[in-house]
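Under our numbering, the first residue of the sequence shown is numbered 24, with each subsequent residue one higher.
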Amino acid sequence: MTAPALIIPERSRAVAADLRAKLGSDRVKDDPPTLTAYAVDASIYRMKPKAVVLAESEEDIVTTVRYAAANGIPLTPRAAGTNLTGSAIGSGIILDISRLNRILKVNHEERWARVQPGIVLAELNKQLARDGLLFGPDPSSGEMCKLGGMLANNSSGPHTLRYGAVKDNVLSLRACLVSGTWLDAQLYRVNDPAFERVLTAIPVLRKIFVLVQAHADMIRAKKPTVSKNSCGYNLFSLADGLADGLFNLPKLFVGSEGTLGVISEATVKLVDKPKATLTALIHFRHLQEVGEAVPRLLELEPSALEIMDANTLDLIGRAKHGVPVDAAATLLIELDADSFDVDLRKQAERMAAVCCPFRLASELTLAFDVDRREQLWKARKALYPTLYRYDPRKKPINFVDDVVVRAERISELIHYLETFFKEQQVPVAIFGHIGNGNAHIVPLLDVNDCSDFSKMVQGYHEIHSAVLDRFGGSICGEHGDGRIRAEYVRKMFGEDLYGLFVQVKQAFDPGNILNPGIKISDRPFTDHIDYTRLSKSCATCAKCNAVCPVYDVFQSEDMSSRGWFEIVTANDYSYLNSKRVVEACLNCKSCRTVCPAGVDVSDLILKKRAEHPNRLAGWIFRFQAGGARFDVLLRWLGKTQPLWDRPFVRRLIEWVTKPIMRWLAPTARLPHELVLPRFATKQLRERHADLIPAESDALQSKDIAYFHGCAANYLDDGVGDAVIGVLRKHGVEPALPPQRCSGTPIQTYGHMELVREGAQFNLNSLARYDTVVTGCASCTLMLKDYPALFADGEARRQAEQLAKKVVHITEFVARAPRIPPMAQSIDGTKRVTYHSSCHLRAAGVTREPQKLLALLPGVNFTEMADADRCAGGAGTFIVKDYDTSQHIFARKVRAIEQAGADVVATSCPACMIRLNNGLPEKIEVKHVAQMLHEAYEAGEKNRPREA
Ligand SMILES: Cc1cc2nc3c(=O)[nH]c(=O)nc-3n(C[C@H](O)[C@H](O)[C@H](O)COP(=O)(O)OP(=O)(O)OC[C@H]3O[C@@H](n4cnc5c(N)ncnc54)[C@H](O)[C@@H]3O)c2cc1C
Ligand code: SF4
Ligand code: SF4
């Protein structure tokens, strides 16, 4: 069954136009950047669609499905696009369900939830966790993948051992069939009159029922005997159910990869979150002993049991992850405690006893607390994209990535694979869910090289054949068949059962409209491989999308970090075509912080902006760089602020400046409702003039400088004084050397020459100090990033020196040998939470501010959910696109309110401006330095005076 050539070329633009007329222009896109962004998922394939629909309701789904069916246009449902098989790309319409992302109902007593398909798994579980509940299946992509994709792929993950795959956790679901009929798929008793009514109402179901009844014996005989399988349609559960008088319809749709219907919601089973968890690493010196250890470790009833083979450990870097050089394989094992009575330390002792007979490369690594456990999981979860760093040409290629054998034969399988790839001279990573016998095999190849390409084709056939014939396994445990395994589904199940699969597909979708080319197709797996992309640095894993604040708001791939990588690196990229998206990035750097492949999308975007620097911003920043006159202007603004910072005048200012602000961006304005910080009438450098070194002092000084940046100098926000105050309490009189803007805002408007000019000024000015303390997250990052501005030469050397000397004030205090006395600065305890500034995270400062806050007397520190998410300020972004900034901020407000905070502390003056706009009045916003300073001041006051 192959996809018919359905689209007549001249109608391609008409598809979007037709859909726009039906759904509205905000839900349909077909501009070049959008189509480029949607041409990829996390697989090795590329296929450009004709139009993208961003569904916001069931009506949108049914309208799109009916239109596609009536016009014979392929339709591909899509969630997060993290599948590894090419199943979320297509040549016709992409129906993105990401905006349908609500939890509709949670029943705590009966432990189930009704959920829309666009919700991200991590988000679902974060919300459920408040009630101690959990949706069990946990693909390693859980930070980014969405329920719709999980349902359609029958996803599972490390904890399948305990919770099963998605198919084991779905009670019912609702799907739009190609006829435009809605099907409420649930478990039916075949003798229930309700079942007969459904069969009559939806005739295709009768066909399926009759088909399964007629062939139940054959289906059961062909059922895979391994513990996991996502290959083919799940007729096995239907046939098994019939033996008990049941017809379990959801099981057919789970794993059907969008080829039978579009799911609009599902009712899923929930479980109690474990009360405590132990995670451990076990390093084996001999691979064959792993096979012996697995059955014994399984007796401990672990919730997860994962393996990484020797090659994988080499590829991700043993030293970096503390893996002994002689480890032949590492197991990651996790045990859950369902009640507080379970003693996990005793379990750890039992585990050590189980491992005793085996030759281990080191002691067991045990982790009980969340941070440490997450650390142990980190390398495993990001394994596949991390492999992208290994070689500029050889990339991890998923084409035999998901085989399953019986768990006790996994060592044998690994040995076979290692020998196979050794003969091919191909580096390979083998890892996976050993407890289920599910191995992920990821060879590193340059598919643009003929020899490597042949090795891929040979490996595809030989390994899949061996898994089926020699190991009696399955070619697909959890990733789905997609384009990659479609060719092999027939071989796995044989003609008869494959014939039934084809009949199922034809019954539901006679025109082959829904996701053609997926699961049921004879096309070779090499069709549509994206050779160009496979030579690039991005793994298209979408991890960055999960933290991109713009994606969070728009839920559209063209407004996302991964999408932007595709757009700005495309051969046909043009700024004119793509300005809308290139200018939408906040430069928050969250993508860079999380990318396992080491890609910096924000930097790529900044480079594209640098090709078209913004003129208005250029004038402003040049004026600022001029120094004195800019200072005078800001001082004057400070003095006159009581006059102009009033509602009526602010409205007037907004109106008058609107045409000018357009030069910055079409969305830019000076919103009258924006609460402005107070401009300083006496700037920080004037207030602390005694700290400004004279030329001669500066030359001699070898001490500590404070790089205050723009905000702390020009604004009356208390940050600069607090940083100086804190340093003084630590016995430091910081110098305030001459300085220019660190460059972050200038860079975001594309003026790289001006950035370099300012950087050179700062490098000269700061060169003579041993330590440079900052109070601003963006300045911290920018100063540390200066080396990237200079290719080589003296400036580069200076920049590298400076990068080593820069410390944020929270790092400085956390590293101090002695903390000055502290006391409670206010009456009563305050609940304080922390908003983690993106640029400080990107600079590698994450835990210090929180640790310090937790130390403060009178502070009840509460970690905020979403602490790491951008608040939407991002320097001048709040002015460049106020409305988007507000949408981004809405999530932060919810998190702060849920934390029940009286005070939100942060580490960046720019974030403070954002936080001061839109939080309930009772919530104070403070810099960590301010809170420290208050505690030190109180500590000093309380100190008993010497007689
Ligand atoms: C780094 C990394 C690690 C991974 N680890 C795992 C793992 O441990 N276990 C695992 O199982 N998978 C894993 N995957 C694969 C992938 O993340 C999962 O298959 C995931 O569930 C796909 O979800 P998605 O939201 O990205 O779906 P998409 O990729 O958008 O879509 C997947 C399929 O679902 C269909 N679909 C989406 N929404 C609907 C809908 N509403 N109705 C009908 N069909 C729909 C699509 O058409 C497509 O066929 C990993 C991927 C990556 C990149
Ligand atoms: S930029 Fe990095 S995180 Fe984003 S999709 Fe590419 S590899 Fe994944
Ligand atoms: S810098 Fe921020 S807004 Fe820009 S792509 Fe990265 S995560 Fe998204």
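Cβ coordinates follow ideal geometry from the N, Cα and C atoms, glycine included.
In the DSSP assignment, W205 forms a beta bridge with C199. By the Cβ test, the segment 73 to 85 is not in contact with the segment 594 to 611, since fewer than three Cβ pairs between them sit closer than 8 Å. In the DSSP assignment, D744 falls outside any beta strand (DSSP E) and lies within the alpha helix (DSSP H) extending over 742 to 752. The residues V428, R432, L436, in chain order, have a CB closer than 7 Å to that of F494 in the same chain once the five nearest residues on each side in sequence are set aside. Exposure of E823 is indicated by the presence of fewer than 16 other C-beta atoms within 10 angstroms of its C-beta. Annotation for T899: no beta strand (DSSP E) segment contains it, and DSSP assigns it neither H nor E.
Between K169 and D581 a beta carbon distance of about 17 Å is seen, past the 8 Å cut, so the two are scored as non-contacting. For Y959, the shortest separation between its Cβ and any heavy atom of ligand 1 does not lie below 7 Å. Counting only residues of its own chain and dropping the five nearest sequence neighbours on each side, A405 has a CB closer than 6 Å to the CB of P619. A distance criterion of 7 Å places the beta-carbon of N192 beyond contact range of ligand 3, judged by its closest non-hydrogen atom.
Our two residues, E329 and F912, have alpha carbons roughly 38 Å apart in a direct line.
In this structure, the C-beta of D64 approaches ligand 1 to less than 7 Å from one of its heavy atoms. Residues of the same chain with a CB within less than 7 Å of the CB of L410, apart from the 5 flanking positions on each side, are L338, P419, A452, V465, L467 in chain order. Remark: three or more beta-carbon pairs, one from each stretch, lie closer than 8 Å, so the segment 572 to 592 and the segment 616 to 630 are flagged as touching.
For N94, there is no enclosing beta strand (DSSP E); the enclosing alpha helix (DSSP H) covers residues 81 to 94. In this structure, the CA atom of I356 is about 8 Å from the CA atom of I305. With a 10 Å radius around the Cβ and a threshold of 16 neighbouring Cβ atoms, Y554 comes out exposed. For A316, the closest C-alpha among the options F653, T856, R382, P943 is that of R382. Within a 10 Å sphere around the beta-carbon of G517 sit fewer than 16 other beta-carbons, which makes this residue exposed.
In this structure, the beta-carbon distance from T105 to A65 falls below 8 Å. Contact between Y792 and I832 is absent: CB atoms are separated by about 15 Å, not below the 8 Å threshold. For A562 against Y407, the beta-carbon gap comes to about 7 Å, under 8 Å, which counts as contact. Distance from the C-beta of M374 to the nearest heavy atom of ligand 1 is not below 7 Å. Under the 10 Å beta carbon count, K245 is surrounded by 16 or more other beta carbons and is classified as buried. Taken through DSSP and simplified to helix, strand or coil, F524 comes out as helix. Distance from the C-beta of L804 to the nearest heavy atom of ligand 3 is not below 7 Å. Distance from the Cα of Y90 is smallest, within the candidate group K45, A327, A102, D240, for K45.
If one requires a minimum length of 4 residues, the alpha helix (DSSP H) runs lying completely within the segment 426 to 485 are 433 to 447, in chain order. Taking all protein chains shown into account, N965 has fewer than 16 neighbouring C-beta atoms within 10 Å of its C-beta and is therefore exposed. In this structure, F443 lies away from Y483, with their beta-carbon atoms at least 8 Å apart. Distances between the C-beta of S584 and the heavy atoms of ligand 2 include at least one below 7 Å. Judged by DSSP in its simplified three-state form, L738 adopts strand. Within the segment 875 to 948, the runs of beta strand (DSSP E) at least 3 residues long that lie entirely inside it are, in chain order, 882 to 884, 926 to 929. M331 and R403 have their C-alpha atoms some 8 Å from each other. For R185, the CB contacts under 6 Å within the same chain, skipping 5 residues up- and downstream, are S326 in chain order.
A residue is called buried once 16 or more other Cβ atoms fall within 10 Å of its Cβ, and N787, having fewer, is exposed.
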